Each structure stands twice: as C-alpha cells, then as structure tokens.
Amino acid sequence: MKGNFELIDREKCPLCGSKDFKVYLNFDKISILKCRNCSFIYSGATLSDDSLKEYYRSSFGGDRQKKGQIVNSIVNFKILDKILDLKAGMSILDVGTGYGFLLLLFKEKKGLDVTGMEFSLDEAIYAKETLSLDIITTPLEQSDLGFEKFDIVCAFEVIEHTIDPIIFLDNLKKYLKPSGELVIVTDNFESKVVKELGAGWPKWIPHTHISHFSPQTLSYALEKSGFSIVKKASFTPWEHSFRNSLYKLFSIHKTPEEAYNLESALKNETEGDYKFYKIRKLLSPYLSLKNLKGNLNEAMMFTVSQKK
2 MKGNFELIDR
12 EKCPLCGSKD
22 FKVYLNFDKI
32 SILKCRNCSF
42 IYSGATLSDD
52 SLKEYYRSSF
62 GGDRQKKGQI
72 VNSIVNFKIL
82 DKILDLKAGM
92 SILDVGTGYG
102 FLLLLFKEKK
112 GLDVTGMEFS
122 LDEAIYAKET
132 LSLDIITTPL
142 EQSDLGFEKF
152 DIVCAFEVIE
162 HTIDPIIFLD
172 NLKKYLKPSG
182 ELVIVTDNFE
192 SKVVKELGAG
202 WPKWIPHTHI
212 SHFSPQTLSY
222 ALEKSGFSIV
232 KKASFTPWEH
242 SFRNSLYKLF
252 SIHKTPEEAY
262 NLESALKNET
272 EGDYKFYKIR
282 KLLSPYLSLK
292 NLKGNLNEAM
302 MFTVSQKK
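Final position of the sequence shown in the numbering used here is 309; the numbers increase by one with none missing.
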C-alpha cells in the first residue's frame, strides 16, 4: 500500500446511528464493534473514504486476486443462474466487477447486456482491453450512466467494504429499473463457522472489510433503503468448513493478535499465491450448489431485492 493513510474513528453505528456499542474483537489498531441498538458489527476505525478509493485504485490486482475471482465468478454465475430468471437482452450492472470474469459469463452464456464498475485500475484495464467489456472506473454518481437503466444491479462482496452501507444501497437503487432486481452478496459474519473460527476466520480483514453483516442486519439495511427481499440463498464455502475441521482437530485457537497485524496486512494483502487453485476451481462450483440453502444462515449470503 502506497502513501500515508490515517485511521479515522467511526463515532456511530453506520446503520442506525447509535453511539452505544461493545467491543466484539480487538484486532491490531482496529477494534471490531457491535452496536447495542441494532446489533450491527463494524470496524471501529477506517481509512478515509478518499484513502479507501485510492487504496483500491492503486493497490489491488495480481495473480492471487485474478485466480480467486475466476473461481468466484463460476460459483456466482451458477448460483445466480439458479435463483434469477436470466433472459437474453437483459441489462446488468456489476459494481466492483474486478477483472470482469463474471460479466463475461453473463455476456457469453446468457446474452446479457453487461456493464461493470471497478476502481482498481489494473483490474479495470484487464476487463476492458482483454475481455472487451464496458467498464467505468469512476464512482457511479460521477458516471454518465442513466438512472433506472438496468434490469439487474449486483454487488458481489462489495458492501462489506463500504463506510456507509445505506448510502451505497441508496445509490445502487437509482440505477435499477422500477421492476428490476438488486443482488447483494456478502459474508455472514455471525454464521456458525465464523463464530467457531473466531479471530482465525480468514475474512476478518478490518481495514478493508469494515461493515460486517448478519442476516438480520443485512435485511435491516435493505429495508431501510427501500427494498424488499424476494429471494434468499446462502452456502458455506468448503474451504471454511475444512479450515474449521483442522482447527478443531489440532486444537488451534487464534487470538486477534495472532490472526491480524495492520502493517503486515497492508504490505502483503494482494501478494502470495491463491492456494489449491485447480482443486478450488473444480470443487467450489459443485459444492456451492450442492450445499445451497434457501435462507441466509450460512457463511455466504445472497439476497435478491426489489424496490418497494
């Protein structure tokens, strides 16, 4: 991560505005807080909004990210193909599209009219130049996209990165047709496997994962933004279950200090290898569908919502 970035305290709950909270997990320099009023879990300090945008713009990308997105795109495509009525010619906006692999699947396999938004310049350039996709790199409100233009607006594992999730949802709503569907996918930070792994769950990344949803708080946020959930689905990635089994077998209990260090995370977040890529590419799509539930109780939540 380049530059000098200062942490800013979050003085109130991003969902309900309450200042009454308790410490949920005490990670290095960033405590995870839980609102006593609405039960929302959130990082108690964040990078500024401009710093976050610059971080994603300049620091994200690389082979690890690319391989992970390839696997996730196949999983997400298969699940959306199951829970949505996708028809050729429908328009879709994917916010935080990354390298664009999911949009490419929608375009080639379903004949959808696809548009993506991505801050990361490396990822956006790849999606534009290599995959020939229509990608914007500015915030939606600064783009020339028309309001109420899209049949589907989706954000896969993006809302947990937002400082103000309500503003984020309100903004997405503007681009959705009156009869359109909003797809939000995010981790369930209060699922069984997350609670059992505790601080050792690998997706506790409190400087970038800053808004941590449960089924209840995700439903509350969507309701507050004027949406009604029409479909729910969730599954627990087999990698999380496997990790949990190993931790139990070898009696591993990571403390917050052992699990996370801010300085190290900022230096190394996008480095390293995407482990067991071929195995995950083969197993994850099959197991995600096999284990898919019609509720939000598992570790990865899918909601489909419409405007009220």
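Even glycine gets a Cβ: it sits at the ideal position worked out from N, Cα and C.
Given the structure is predicted, the values throughout are model-derived calculations rather than measurements.
- Message: Alpha carbons only, please: which of 26, 51, 192 is nearest the one belonging to residue 299?
- Response: 192
- Item | Nearest residue (CA-CA) to residue 238, options 225, 185, 203, 199 | 203
- Segment contact, 8 Å Cβ cut-off, at least three pairs: the stretch 173-184 with the stretch 151-165: yes
- State whether the stretch 63-75 contacts the stretch 265-285, with contact taken as three or more CB pairs (one from each stretch) at a distance under 8 Å. yes
- Message: Once the 5 residues before and after residue 62 are set aside, which same chain residues still bring their CB inside 7 Å of it?
- Response: 121, 123, 124, 271
- Message: In the DSSP output, what is residue 301 paired with across the bridge?
- Response: 188, 236
- Which of helix, strand or coil does DSSP assign to residue 16? coil
- Item | Buried/exposed call for residue 257, threshold 16 Cβ in 10 Å | buried
- Apart from the five residues on each side of it in sequence, which residues of its chain come closer than 8 Å, Cβ to Cβ, to residue 200? 26, 28, 255, 256, 257, 259, 260, 261
- Closest Cα partner of residue 265 within the set 21, 9, 30: 30
- Message: Quick check: the stretch 44-59 against the stretch 80-87, are at least 3 beta-carbon pairs closer than 8 Å?
- Response: no
- Evaluate residue 161 with the Cβ neighbour count: other Cβ atoms within 10 Å of its Cβ, from every protein chain shown; 16 or more gives buried, anything less gives exposed. buried
- Query: With which residues is residue 47 paired in a DSSP beta bridge?
  - Reply: 9
- Query: In terms of residue numbering, what span does the alpha helix (DSSP H) encompassing residue 72 cover?
  - Reply: 64-84
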